[in-house]
């Protein structure tokens, strides 16, 4: 394929020996900057709390040079929470980008398709009907998300899954599950309802290493798998027929990526609750920053992680430690940022 | 019309053949008949079921008997269901045409978020506790957010994508606020969890007279917009070439949808699914012509809403299931079936 003249200006071919790689400079810069932001925010977040630690000490402790007290606070209490935040944000950003690309609709995120609501239903059943423990709630959310994902895929299947049908079926499923959730909350007593609302907002409070490992393992398996299929996904945006002709096994790639996206979203939701709007806004923001076509998987992933950790830091700074769940802030931050983008892009005449 | 077009091409551009037109008109009458039946059922069925004779007596020869009182009580609920259902369906159809997005619903443009945020503010900071007190807050919230989405979406230069993004962004911010308040204030949570599922049970005569003028204005404006919106559906350039005033059409469509949906949400809480689903169902048998979609949506949406309300009273007798829950649980599978059965007419 021939690159257009504008693409030739912004991409460089990197060749070493027999390998060559096309590098989108702007996207690459954005990814690096986002990673730096995410890591910086993480260090600051580890230092924030009832017992503040300066950033220099945090870094020293992370590399094994802090005193015993700092070591305990950093490694046992705050590091796992931050890691969960980074992983959840990354998983949501990536899952959102996958879904938006597969459904070919910027609104086709897991929030809209009902996956988050499915996880919520699983968790609510555990909270309201069984008054279950935190582990039971996590498992319930995971199962709820997976079952919903499976149901949406099967219901949308008709000689292949069409993006438009997928979104509409997802909305139908989402409406049913949301109604069930509403019913469960009206039936619950007020204490359970309050617990359910906190869970439904999405929170990172009290997360420890037991939440980090499964999430990390899942991301380690799924990320290479997704990236290996990113080319196919990019071609699928040209339409099923064209990508068949170009040698993409459309239905297989789509199934694989959907399963990956469902797993990522469900695991993230199970770990931190349905943190709102990260999956919806992260890919949109990433796309606008890189100004590059295609699904923008890696930038979305980095954007999700940055967004979530920054939001958690903002919530801790503004309202004190563990007062307000991070989901509240992601909603407000994501919304305000999207608005700001709208206004500036309008001035620049881009939308 | 091209004057010198060949005859066979002229035959193609002629209006729909009379038989199809007749069927659609007949269908409209059948829908009205269905609506009357559902409305009667809504008056007759409940914790205390009445025979149709008593319903008739209560409606036309009210003499204060026990059955007549029950009928009186259920009339306001039924009327609100009729009005709110029609408003939701109509606003959904208008919004889908306006944003050219089949997923557009009143929730997308932030109207529900605005109403919810206003109600939670009313409960927490102004100490409003009665349902009739929420109405004006919810309506004001919906109106403010509708206007805000319109201006942020670019007002005169609004495009469908920008409107949708502005709505999503404002919803995100407002839901964050809503959840923060609900987490910090248990009293607000205990009220809000019942308001957000959407119910007709709180209907009173005064609620209806408060919101009825808004329903009337919104409905008239929306129905008059059918032709210009048809032109807008063909794309901006074609619409302009056809003589449609894009800015005026968009502004009026936004206005009517906000007024209709804001009033419905104010009166019975956020019932989103009706506005999303009914236009899709209607489109599957009328095709994309809004001159048919809008009247059909106006008549069939209350059928769905009232039907769901009646069912909610039958299932959980003597208590009841809120109509918002029933619409979604019944409507969802029907919606999925329709999506699967045929290629839903694209916008």
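Residue numbers (our numbering), protein chains in the order written: chain A, 1 to 351; chain B, 1001 to 1347. Heads up, the beta-carbon is just placed ideally off N, CA and C, and yes, glycines get one too.
| field | Status (buried if at least 16 other CB within 10 Å, exposed otherwise) for residue 189 (chain A) | value | exposed
| query | Buried or exposed: where does residue 221 (chain A) fall if 16 or more other Cβ atoms within 10 Å of its Cβ makes it buried? | reply | exposed
| task | Report buried or exposed for residue 1065 (chain B), applying the criterion of at least 16 other Cβ atoms within 10 angstroms of its Cβ. | result | exposed
| request: From the DSSP output, read off the bridge partner residues of residue 1339 (chain B). | output: Partner(s): none; residue 1339 (chain B) has no beta bridge.
| message | Along the chain, where does the alpha helix (DSSP H) containing residue 110 (chain A) start, and where does it finish? | response | 110-113
| Within the 8 Å Cβ cut-off, does residue 1183 (chain B) reach chain A? | yes
| said: 8 Å is my cut-off, CB to CB: does residue 265 (chain A) come that close to chain B? | reply: Not closer than 8 Å to any Cβ of chain B, the Cβ of residue 265 (chain A) fails to qualify, so no.
| field | For residue 1114 (chain B), the first and last residue of its enclosing alpha helix (DSSP H) | value | First-last of the alpha helix (DSSP H) with residue 1114 (chain B): 1111-1125.
| request: Run the CB neighbour count on residue 1247 (chain B), radius 10 Å, all protein chains shown included, and call it buried at 16 or more, exposed below. | output: exposed
| task | For the segment 183-266 of chain A, list the beta strand (DSSP E) runs that are entirely contained and at least 3 residues long, ordered along the chain. | result | none
| message | DSSP three-state label for residue 14 (chain A), please. | response | strand
| query | Residues of chain A with a CB under 8 Å from the CB of residue 1244 (chain B): which are they? | reply | In chain order: nothing, as chain A lies at least about 22 Å away.
| Proximal residues, the segment 254-282 of chain A versus chain B, C-beta separation under 9 Å | 276, 277, 280 and 281
| query | Which same chain residues, not among the five before or five after residue 1310 (chain B), have their C-beta less than 6 Å away from its C-beta? | reply | Same-chain partners within the cutoff: 1041, 1042 and 1045.
| query | Under the three-state reduction of DSSP, which class applies to residue 24 (chain A): helix, strand or coil? | reply | It is a strand residue.
| task | Can you pull the chain A residues whose beta carbon is under 7 Å from the beta carbon of residue 1193 (chain B), in chain order? | result | 185, 186 and 193
| task | Kindly say whether residue 339 (chain A), judged by its beta-carbon, lies nearer than 8 Å to any beta-carbon of chain B. | result | yes
| said: If you reduce the DSSP assignment to three classes, tell me which class residue 161 (chain A) lands in. | reply: strand
| message | So, at 8 Å on beta carbons, what are the nonlocal neighbours of residue 121 (chain A) in its own chain, with the 5 sequence-adjacent residues on each side left out? | response | 144, 148, 177, 180, 181 and 184
| message | Using a Cβ-Cβ distance cut-off of 8 Å, determine whether residue 351 (chain A) contacts chain B. | response | Here the model assigns residue 351 (chain A) a pLDDT of 47, short of 50, so the residue's position is not dependable and the matter cannot be decided.
| task | Note the first and the last residue of the continuous alpha helix (DSSP H) segment covering residue 1191 (chain B). | result | 1186-1195
| Of the residues A:303, A:307, A:265 and A:338, the one placed nearest residue 117 (chain A), counting alpha carbons only | A:265
| Would the beta-carbon of residue 1145 (chain B) fall within 8 Å of that of residue 1192 (chain B)? | no
| Can you name the residues of chain A whose CB is closer than 9 Å to the CB of residue 1286 (chain B)? | Ordered by position in chain A, no residue passes the 9 Å Cβ test against residue 1286 (chain B), which lies about 18 Å from the chain.
| said: Would residue 125 (chain A) and residue 140 (chain A) be called neighbours here (beta carbons separated by less than 8 Å)? | reply: yes
| task | Classify residue 1198 (chain B) as helix, strand or coil using the three-state DSSP reduction. | result | If DSSP states are grouped into helix, strand and coil, residue 1198 (chain B) belongs with coil.
| residue 1225 (chain B), DSSP secondary structure in three states | coil
| Just by C-beta distance, which residues in the segment 147-169 of chain A are closer than 7 Å to chain B? | Listed by position, the residues of the segment 147-169 of chain A near chain B (Cβ gap below 7 Å) are 155, 158, 165, 167, 168 and 169.
| request: Determine whether the Cβ of residue 1179 (chain B) lies closer than 8 Å to any Cβ atom of chain A. | output: With 8 Å as the cut-off, residue 1179 (chain B) counts as an interface residue toward chain A.
| message | According to DSSP, simplified to helix, strand and coil, what is residue 1331 (chain B)? | response | helix
| query | Which residue from B:1196, B:1074, B:1114 and B:1094 puts its Cα closest to that of residue 1149 (chain B)? | reply | B:1114
| query | My guess is that residue 1092 (chain B) and residue 1276 (chain B) are in contact by the Cβ rule of under 8 Å, so how many angstroms apart are they, rounded? | reply | 6 Å
| request: Answer with buried or exposed for residue 235 (chain A), where buried requires no fewer than 16 other C-beta atoms within 10 angstroms of its C-beta. | output: buried
| request: Please name the residue in B:1205, B:1252, B:1209 and B:1208 whose C-alpha comes closest to that of residue 1223 (chain B). | output: B:1252
| Roughly how many angstroms lie between the CA atoms of residue 1298 (chain B) and residue 1087 (chain B), to the nearest whole one? | 7 Å
| Coarse secondary structure for residue 1061 (chain B), derived from DSSP in three states | coil
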